[in-house]
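Single-structure report; data block below.
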Amino acid sequence: MAFVTRQFVRSMSSSSSAAASAKKILVKHLTVIGGGLMGAGIAQVAAATGHTVLLVDQTEDILEKSRKGIEESLRKVAKKKFAEIPKGADEFFVAKTLSSISTSTDAASVVHSTDLVVEAIVENLQMKKELFKRLDKFAAEHTIFASNTSSLQITSLANSTTRQDRFAGLHFFNPVPLMKLVEVIKTPMTSQKTFESLLDFSRALGKHPVACKDTPGFIVNRLLVPYLMEAVRLCERGEASKEDIDTAMKLGAGYPMGPFELLDYVGLDTTKFILDGWHEMDSKNPLFQPCPSPNKLVAEKKFGKKSGEGFYKYK
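Whatever position you read off the sequence shown (first residue = 1), add 40 for our numbering.
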């Protein structure tokens, strides 16, 4: 009887340990690598929802610019959020949120105490892989790694680390404080625990997460980019002007922007980068074929709104 009891206790203890190990990670401390628009936006929404955030980039100048951008964005948010609330609440909100964000130029020395690392650097596969490989050596055992890439294969990035089960895609949309969607990308190696932890984290930010497998472009870009390129091909064939195509999609389909307006807003260089990567991966897919006119504009450094000219000219 004593033997049976001991076996039962051991069995219960093992079950408790298994249940504990299967518990989701509650993300309280977040490290964001990359202080550009996306990284700063992610840092802002995380800090505004009660998370402590460490924002990392290569130089203090970049981080100072990021902080100023975050403060400016927070003031816009606060102006709307506290319009009917006594004076001073907006300033308190801005100050409190900013106090939750610290900065560093040395990611390796600080990731040991973070729950989640979100990478939001330039869309370069090799640079991202090298970053994750280095951080993997210093991060805590429980730390989840996630990439904000919009087009690169998450599995390839995960394979540069020893934590493939704690690696996923976490794709935010620009501007992060306004856009509600987050795509949570699960690779074949991503554990259910990691996946559900990232779903919970996205909801804690006030976002609406959607799940997707590690397929080129995930959901939004996989549908959006071919649509944009077909609009370009329609114009290239001389079947309709870009102005009429934009008007048709806004008034006929209810889209807030026409495809050429959206291409200029996103950046023709960004769209070309995505399409080129897909074409390299699957050159026979008709949806991934390059288009001459955006390629020509990119070669002329006409990237769209950010450069002052793309398909349209901007002041």
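All C-beta atoms in this analysis are idealised placements derived from N, C-alpha and C, irrespective of residue type, glycine included.
An exposed status is given to A135, since fewer than 16 other beta-carbon atoms sit within 10 Å of its beta-carbon. Taking C-beta atoms as the reference points, A147 and L192 fail to come closer than 8 angstroms. Per the coordinates, the alpha-carbon of T189 lies some 10 angstroms from the alpha-carbon of F258. Rounded to whole angstroms, A129 and T71 show a C-alpha spacing of 27 angstroms.
Straight across, the Cα-Cα distance linking C275 with K324 is about 22 angstroms. With a cutoff of 8 angstroms on beta-carbon distance, L94 and S140 are scored as not near each other. Check the Cα spacing between K105 and each of M167, K341, F313 and G75: the tightest is with G75. A residue is called buried when at least 16 other Cβ atoms come within 10 angstroms of its Cβ; D254 meets this threshold and is buried. Contact check for L245 and A208: beta-carbon distance about 15 angstroms, past the 8 angstroms limit, so the pair fails to qualify. Residue burial is scored here from C-beta neighbours: L291 has fewer than 16 other C-beta atoms within 10 angstroms and is therefore classed as exposed. Taking C-beta atoms under 8 angstroms as the contact rule, R206 and T234 qualify, at a distance of about 5 angstroms.
DSSP, reduced to helix, strand and coil, places C252 within a strand of the structure shown.
Here the C-alpha atom of F343 lies approximately 19 angstroms from the C-alpha atom of F213. With respect to P256, V222 sits apart: the two C-beta atoms are not nearer than 8 angstroms.
Ranked by how close their Cα comes to the Cα of V85, the residues R115, F351 and L315 have R115 in first place. Scanning the segment 240-313 from its first residue to its last, the whole alpha helix (DSSP H) runs of 4-plus residues come out as 260-276, 282-292 and 299-306. Judged by their CB atoms, L263 and L308 are not nearer to each other than the 8 angstroms cut-off. By the C-beta density criterion, P334 is buried, having at least 16 other C-beta atoms within 10 angstroms.
Collapsing the DSSP output to three states places A160 in coil.
Residue pairing by DSSP places I184 opposite L156 in a beta bridge. Excluding the 5 residues flanking it on each side, K119 has same chain C-beta neighbours closer than 7 angstroms at D130, in chain order. Nearest in C-alpha terms to F313, of all of I194, V265 and E159, is V265. Excluding residues up to 5 positions away in sequence, V265, L268, L303 and P334 lie with their Cβ nearer than 7 angstroms to the Cβ of T311 in the same chain. Secondary-structure assignment with DSSP links F212 through a beta bridge to V222. Collapsing the DSSP output to three states places F328 in a helix.
With respect to the C-alpha of F133, the residue from C331, T202, T89 and C252 having the closest C-alpha is T89. Taking the Cα positions, N199 is about 24 angstroms away from L66.
For the options L218, D101 and Q232, the alpha carbon positioned closest to that of K64 is the one of Q232. For I110, the enclosing alpha helix (DSSP H) starts and ends at E100 to K121. Under the criterion of beta carbons closer than 8 angstroms, G81 and P215 qualify as touching, at roughly 6 angstroms. Here D240 has K64 as same chain residues with Cβ atoms under 7 angstroms from its own Cβ, once five neighbours each way along the sequence are excluded.
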